[in-house]
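Heads up, the thing below is written out as structure tokens.
Protein chains: 2
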Amino acid sequence: MVNFKTSPDQYKHWKLSFDGPVARLTMDVQEDETLADGYKLKLNSYDLGVDIELADAVQRIRFEHPEVRAVVITSLKPRIFCAGANIYMLGTSSHAFKVNFCKFTNETRCTIEDDSRASGRRYIAALNGTASGGGYELAIACDEIYLVDDGNSAVSLPEVPLLGVLPGTGGLTRLVDKRKVRRDRADVFSTLAEGLKGKRAKEWGLIDDTFTTSKFQNSVDERVAQIVNLRNENEKASGKDAGESRLVGTGMPALPAAHGIKLHPLEIQSTEDSRDYKYVSLKFHRDKRSVDLIVRAPQGELPTTTDEIHKLGDAYWPLRAYRELDDALLHLRVNEPEVGLVCIRTEGSIENILAVDKTLAANRDHWLVREIVLQIARVLRRLDLTAKSFFSIIEPGSCFAGNLFELVLASDRSYMLNNPEETVEVALSELNTGAFSMSNGLTRLQSRFLAEPKKAYEAFAHEGRFDTGAAEAAGLVTFAPDDLDWDDEIRVAIEERTSLSPDALTGMEASLRFAGPETMDTKIYGRLTAWQNWIFQRPNAVGPNGALTNYGKPTQAQFDFKRT
Amino acid sequence: MVNFKTSPDQYKHWKLSFDGPVARLTMDVQEDETLADGYKLKLNSYDLGVDIELADAVQRIRFEHPEVRAVVITSLKPRIFCAGANIYMLGTSSHAFKVNFCKFTNETRCTIEDDSRASGRRYIAALNGTASGGGYELAIACDEIYLVDDGNSAVSLPEVPLLGVLPGTGGLTRLVDKRKVRRDRADVFSTLAEGLKGKRAKEWGLIDDTFTTSKFQNSVDERVAQIVNLRNENEKASGKDAGESRLVGTGMPALPAAHGIKLHPLEIQSTEDSRDYKYVSLKFHRDKRSVDLIVRAPQGELPTTTDEIHKLGDAYWPLRAYRELDDALLHLRVNEPEVGLVCIRTEGSIENILAVDKTLAANRDHWLVREIVLQIARVLRRLDLTAKSFFSIIEPGSCFAGNLFELVLASDRSYMLNNPEETVEVALSELNTGAFSMSNGLTRLQSRFLAEPKKAYEAFAHEGRFDTGAAEAAGLVTFAPDDLDWDDEIRVAIEERTSLSPDALTGMEASLRFAGPETMDTKIYGRLTAWQNWIFQRPNAVGPNGALTNYGKPTQAQFDFKRT
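Note that the protein sequences, when read in sequence, are chains A and B. Here numbering that gives the first Met the number 0 is used: the first residue of the first sequence is 0, the next is one more, and so on. Here numbering that gives the first Met the number 0 is used: the first residue of the second sequence is 0, the next is one more, and so on.
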């Protein structure tokens, strides 16, 4: 079973250090500390375990070290930054594991980009040696890339020429869409096993600059100092308390001097058929290949000021509940492949959820609240991109309101009980208007009402909560069976869904969930990931004569050259 | 070998008739007239042969019947419009054939949509019976859909529940992106084998209206008359000659009263290693798995007025050359799977190509010139979407100018000889500024210079032709080897390219060719097609226990329920 929880004192492959406004994330992969048997993590190559640590480190920088303005990602190994995903790990992994591995590593890259875009931290890839494959993909997730000019070090994407697969973590899309490398140059680069060194790499836009070995450290340090000073000056110029202002002229949120909060380990209790967190539970129905995912609302007194929120730290409901939801989703993806359908249920007080949203909305300029809201948005995007079906089940006692109503909107379908004798309600909050954008850049309500945009405004204009009739009339739920039909209808819907081809469902859901515009993120998930999944099961890659299978062996790949 | 040439007198499955401004395309598929053995085309189901006729019919409407303002697509079979792609054909086809079949049928749908958008003809799907799968996908390619309300007829996409694959011709994307059906309803619809009938289908936006059997014919006729009358009134109101005006207030080009031109069969001479048209040749190097695709410029006197162009008809160079290029591309896709690399070469006078472009640009408001330019754009998009590598080889005597320079921009790479003793030149024309947009909505120059948009303007501002040095400086070509290195460099590049995994190249090219924005078209090709390709080789679809394999057999599909 893959465990997604870790913390810096448990890291095996990364060193995370802080020097005032600068964080350093240094890669030093331990060859033998692998997640599975059968391969060694040589040359700073990585498996899922290495990336779980990286994802954790970025989360911790965001919550525990808000004073950080620049993050330098580099390596402790001489002449090598990172050799990318371990080939032998890929060669021995199942198709499903490879797909989930690529998805998670890309989500980690997206979290870095989200931090840069939304929280204003600048990520610097200091390539002290060669960055190949996933190593270069990590670099292009950063804002700036500097490569040592030592006559040897290069950046490369050797997947196509060496392995017969694609760079699996968004590399090709980031190449032409983020760095906007000319497509013919991208074509040459992506078929050149040895990659490109400093001068040519800079000319083609693959890196931002290159420095000789003797000047490398100083030049990177100077650039980092520049970034930090620029931020400081902007904050002074703004004349406001750094914790609540936005940087003048940059549109970027200010980075606060405030102390961070501590992210404690999640407490999880598991049995064969359940996995319980404080606010989230999974209840498995293995014979039905479905699971109930239950989210519970907070109880008791809720904080209303940023001081109170800061004091609660990671015990504050929205942070804790969504960290738990995130872990639950990752667990379902990787450790529960047979579960095809997730029935989302909620329990608790709508009033409390709306109170939470009100507090979050009122304090969105505060660094911690901003990070909490961004974290909720990321977890919801993780749900959008999970290859399981989601049904929301809206019953008496549920609390699908505000942030939790996003779960209904993210579901493939929703069922809301229509019982004249027992009120069932859902509700919207201010946060549904734009705090939680999908990967396509739209809110989930906008995505839902592409044909009739005014229905989104009407829903917001609605006074108070929606009972079942009102929710159905507003187009907020899919079906509203009455109490006589309810049990049968839900049962049949679950049975029908889990009887369908899991592959066809994955492709169908990936096509239906992202109507409207596409962004770099959706292109990576839709276009690139789908192609990679296709290639990952082609005999030319994974057959006995395939390139991935034969990598590093004395035998050579033999291709069926028919083009498809 | 699949032959893509046909004409109405050869049609087996469609009847094309004209009544003044109305064309009727009536489907009446002949069960036994299949392209291959092993299946019967029951219930108006189709194979590639049926769609080749449809594609031909739409082309002929555009060129031979410019007076047509509305096209009604319906069926001669009682109670059935079209049952979609034939399942037994799919079940017995190779993976590559399935993929190419879906791509071609979608391109036919795109040609219908291009005609509607760019030439202002309105397509009406008159569903006199059930439209399922590809039958409904054909309907949603039309502008309006009317379904008979006979208590039985329905629209449906039963691929996921019945076959374990996706609707293969863009159906899911058109559902949520074109018709903007709410995603939860699209989810329900796409998993409901029996589909939805009139009232519900209309409520969910799957069709535009439904009429009882007795009123169906009249109601459709009335709607068609409305469309035709509206067009007539708009043309009168514009007070201009219909052949050259745009419809007042609609932004749509006027549809002319002028007589169409005749599209004659292409003349092709083939040997084992060559395929020669008048202006296009294919020369195969089978040992190298590559082909030279040569396009020749026109010679002699060129027309400059629309009267002269109309008199030349389909003998006019741009129409004939690009019809030939289109056929050559389709031939390479379907009949030459082992050929992985296409080296594009041109021969002839740059001056003549620029003269053609000047005439086309000056007369773009004339219906025939507009159709010719739109046809060139479609053929170039077919090239963009062809799963082969393309290298442009620019040598002395070549004529990569204006419309033919798009071939360089569409190529994955270009090589231009740098020889001080022999001038090699390329040139741009006005048509490169926007006449030939890619599926992503950008021109190929815009797509090329995403990082430096001003380079596109600089290229246009350049006086006269570009010699090799100027072309390289302007960023218009990838490499400019000198004459000493030329032969070796081209040879090595060809050898290296064709040694790579054909699958990895397909995925890589699909990712690098479409940087920048995505449109419904690119979403269909990128996201949906890639997922379908993945599913098309999964055991859950095509394995011995797969749903596609077992369709119609007494045995039932057995799924591996692991979600990927």
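All C-beta atoms in this analysis are idealised placements derived from N, C-alpha and C, irrespective of residue type, glycine included.
Taking its Cβ as the centre, do 16 or more other Cβ atoms sit within 10 Å of residue i, making it buried, or is it exposed?
{"i": "H263(A)", "result": "exposed"}
{"i": "G248(A)", "result": "Note that G248(A) has pLDDT 40, beneath the 50 cutoff, so the model's placement of it is unreliable and no number is given."}
{"i": "L75(B)", "result": "exposed"}
{"i": "L483(B)", "result": "exposed"}
{"i": "D46(B)", "result": "buried"}
{"i": "E112(B)", "result": "buried"}
{"i": "S289(B)", "result": "buried"}
{"i": "T211(B)", "result": "exposed"}
{"i": "G259(B)", "result": "buried"}
{"i": "V491(A)", "result": "exposed"}
{"i": "M0(B)", "result": "exposed"}
{"i": "Q58(B)", "result": "buried"}
{"i": "N151(A)", "result": "exposed"}
{"i": "S397(A)", "result": "buried"}
{"i": "D186(B)", "result": "buried"}
{"i": "G463(A)", "result": "exposed"}
{"i": "S16(A)", "result": "exposed"}
{"i": "T554(B)", "result": "exposed"}
Please state whether DSSP places residue i in a helix, a strand or coil.
{"i": "T5(A)", "result": "coil"}
{"i": "A124(A)", "result": "strand"}
{"i": "M415(B)", "result": "strand"}
{"i": "M251(A)", "result": "Reliability fails at M251(A), whose pLDDT of 49 lies under 50, so the model's placement of it is uncertain and the value that follows must be treated cautiously. Of the three classes helix, strand and coil, the one that applies to M251(A) here is coil, per DSSP."}
{"i": "F283(A)", "result": "strand"}
{"i": "F215(B)", "result": "helix"}
{"i": "A153(A)", "result": "strand"}
{"i": "Q555(A)", "result": "coil"}
{"i": "S115(B)", "result": "helix"}
{"i": "V541(B)", "result": "helix"}
{"i": "V159(A)", "result": "helix"}
{"i": "E300(B)", "result": "coil"}
{"i": "S93(B)", "result": "coil"}
{"i": "V294(B)", "result": "strand"}
Beta-carbon separation of residue i and residue j under 8 Å?
{"i": "P501(B)", "j": "N439(B)", "result": "no"}
{"i": "A378(B)", "j": "D325(B)", "result": "A small correction: the amino acid at residue 378(B) is Val; Ala does not occupy that position in the sequence shown. Against a cut-off of 8 Å, the Cβ pair of D325(B) and V378(B) comes out as a contact."}
{"i": "Q536(B)", "j": "G167(B)", "result": "no"}
{"i": "F3(A)", "j": "I51(A)", "result": "yes"}
{"i": "W13(A)", "j": "A56(A)", "result": "yes"}
{"i": "V147(A)", "j": "F215(A)", "result": "yes"}
{"i": "N402(B)", "j": "P480(B)", "result": "no"}
{"i": "V180(A)", "j": "W203(A)", "result": "yes"}
{"i": "A95(B)", "j": "K453(A)", "result": "no"}
{"i": "T305(A)", "j": "L367(A)", "result": "yes"}
{"i": "A400(B)", "j": "D383(B)", "result": "no"}
{"i": "N417(B)", "j": "T467(B)", "result": "yes"}
{"i": "A130(A)", "j": "V154(A)", "result": "yes"}
{"i": "N105(A)", "j": "L40(A)", "result": "no"}
{"i": "L427(A)", "j": "F459(A)", "result": "yes"}
{"i": "S446(B)", "j": "R182(A)", "result": "yes"}
{"i": "A69(A)", "j": "V223(A)", "result": "yes"}
{"i": "I72(A)", "j": "L24(A)", "result": "yes"}
{"i": "P20(A)", "j": "V159(A)", "result": "no"}
Measure the beta-carbon distance from residue i to residue j and round it to whole angstroms, keeping in mind my assumption that it falls under 8 Å.
{"i": "V423(B)", "j": "I375(B)", "result": "Between I375(B) and V423(B) the Cβ distance is about 24 Å, and since that is not below 8 Å, they are no contact."}
{"i": "L331(A)", "j": "F390(A)", "result": "Going by Cβ atoms, the distance from L331(A) to F390(A) rounds to 14 Å, so no, they are not a contact pair."}
{"i": "G170(B)", "j": "I139(B)", "result": "7 Å"}
### Task
Please list the segments of the beta strand (DSSP E) lying wholly inside the stretch 452-527 of chain A, counting only runs of 3 or more residues, in order along the chain.
As far as the stretch 452-527 of chain A is concerned, it has no whole beta strand (DSSP E) run of at least 3 residues.
#### Entry: Segments assigned alpha helix (DSSP H), at least 4 residues, entirely inside the stretch 17-85 of chain A
Runs found: 47-63.
### Query
Which residue spans inside the stretch 325-378 of chain A form an unbroken alpha helix (DSSP H) run of at least 4?
The stretch 325-378 of chain A contains these whole alpha helix (DSSP H) runs: 349-361.
### Query
Which whole runs of the alpha helix (DSSP H) in the stretch 389-435 of chain A are 4 residues long or more, in chain order?
Runs of the alpha helix (DSSP H) inside the stretch 389-435 of chain A: 404-409.
### Task
Identify every run of the beta strand (DSSP E) within the stretch 167-216 of chain B, keeping only runs that are complete inside it and at least 3 residues long; order them along the chain.
The stretch 167-216 of chain B is shown to contain whole beta strand (DSSP E) runs of 3 or more residues at 208-211, in chain order.
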